[in-house]
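In this text, residue positions in the sequence shown follow my numbering: the first is 6, and each later residue adds one. Remarks on the structure that follows.
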Amino acid sequence: MHSTKLFTSNSSEDTISLGERVGKKLFPGAIVSLKGVLGSGKTVFTKGIARGLKIKEEVLSPSFTLINEYEGKLKLYHLDMYRIDSEEEFKFLGVDDILYGNGVSVIEWGDKIEKALPEDHISVLIEIKGDTSRILQIDGIEL
């Protein structure tokens, strides 16, 4: 059982560094659900995860592509559920091979499809506290 941890980020670089710490601890089949309002830093956090997975390619938001793939220590699947309206629509995307494969899945707007995710997924809630400051609540992984 992993306890919930709270972290304060005062800059994008802080958020990337925390994401990197998470990325270094991820394993094949890990699923990370990112929650937070528009502009809270979900993609910034994912850039850190990518850094932790030794991915050199620039990480971009998958808002319009729905899924971006990156090669590193483990393959990173970066999904964006902003335009997905239900768990049924998510299942229709046919992402089971991604979610239950040997890569790492990071899902922005994961709260929209929470019930479709396995119970043991990692959850990250990002709250805006100022222009550059954020509170990150991380559950499901020891840091």
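Just so you know, even glycine gets a beta-carbon here, dropped at the ideal spot from N, CA and C. Note that this is a predicted model, so its numbers are computed, not measured.
Assuming residue i and residue j form a contact by the criterion Cβ under 8 Å, report the distance between their Cβ atoms to the nearest whole angstrom.
i	j	result
LEU79	VAL109	5 Å
ASP85	GLU113	5 Å
SER14	LEU141	6 Å
Look up residue i in the DSSP assignment and say whether it is helix, strand or coil.
i	result
ILE60	coil
ILE103	helix
THR13	strand
ASP179	With the chain running from 6 to 148 in the structure shown, residue 179 is simply not present.
Out of the options, state which residue places its alpha-carbon closest to the alpha-carbon of residue i.
i	options	result
GLU25	THR51, LEU71, LYS120, SER16	THR51
GLY145	SER17, ASN15, ILE36	ILE36
LEU43	VAL64, SER68, ASN15	SER68
ASN107	LEU98, GLY115, LEU71, LEU31	LEU31
ARG88	TYR105, SER66, LEU81, ASP102	SER66
LYS59	HIS126, LYS117, GLY34, GLU76	GLU76
GLU119	LEU39, LEU23, ILE72, VAL64	LEU39
LEU81	GLU147, SER8, THR13, ILE103	ILE103
HIS7	ASN73, HIS83, HIS126	HIS126
GLY115	LEU71, ILE133, GLU147	LEU71
TYR105	PRO123, LEU98, LEU23	PRO123
ASP90	ASN73, ILE133, LYS117, THR9	LYS117
PRO33	LEU23, VAL64, THR9, VAL111	VAL111
By Cβ distance, which residues of its chain are closer than 6 Å to residue i, with the 5 residues on each side in sequence left out?
i	result
GLY57	GLU25, GLY28, LYS29
GLY46	THR20, ILE131, ARG139
SER128	SER38, ASP144, GLY145
In chain order, what residues of the same chain lie with their CB nearer than 8 Å to the CB of residue i, ignoring the 5 residues before and after it?
i	result
ALA121	GLU92, PHE95, LYS96
For residue i, which residues of its own chain have a beta-carbon under 7 Å away from its beta-carbon, when the five flanking residues on both sides are left out?
i	result
ILE21	VAL49, LYS52, GLY53, ARG56
GLU62	TYR75
So does residue i have its beta carbon nearer than 6 Å to some heavy atom of the ligand SAH?
i	result
ASP19	Absence of the ligand SAH is noted for the structure shown, with no ligands found whatsoever.
Handout entry: Any beta strand (DSSP E) of 3 or more consecutive residues that is wholly inside the region 107-146
Key = Counting only runs of 3 or more, we get 109-113, 127-133, 139-144.
Practice task
Quick one: which unbroken alpha helix (DSSP H) runs of 4-plus residues sit fully inside the region 23-85? Chain order, please.
Solution key: Secondary structure in the region 23-85: the alpha helix (DSSP H) runs of 4 residues or longer, each lying completely within the stretch, are 47-57 in chain order.
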